[in-house]
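In my numbering, the protein residues as written are 10 to 100.
Note that the Cβ used here is the ideal one computed from N, Cα and C, for glycine as well.
See below for the structure under consideration.
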């Protein structure tokens, strides 16, 4: 038969083992890790959004300029034709 000290020792070691297993089984992030992650993402967004906006604005300006050039090329022959008709009519 086991003595009470031996039983108490086994019970205590079993509790310590259970606590270690429970502690090592915890998963997730600490609060400081989450805060650091949020700060990093915020910095990237703060630097990236203005750059992205200027890139979009430049693309819109380029598209507008190309549209104007295309319209001039499309309507330029008609202007020349009207100039020729006007020269014939007005002598």
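CA-CA distance, residue i and residue j?
i	j	result
residue 50	residue 43	11 Å
residue 76	residue 65	16 Å
residue 81	residue 62	29 Å
residue 104	residue 72	Because the chain here runs from 10 to 100, residue 104 falls outside it and cannot be looked at.
residue 85	residue 96	17 Å
residue 55	residue 68	21 Å
In this structure, how does DSSP classify residue i when only helix, strand and coil are distinguished?
i	result
residue 37	coil
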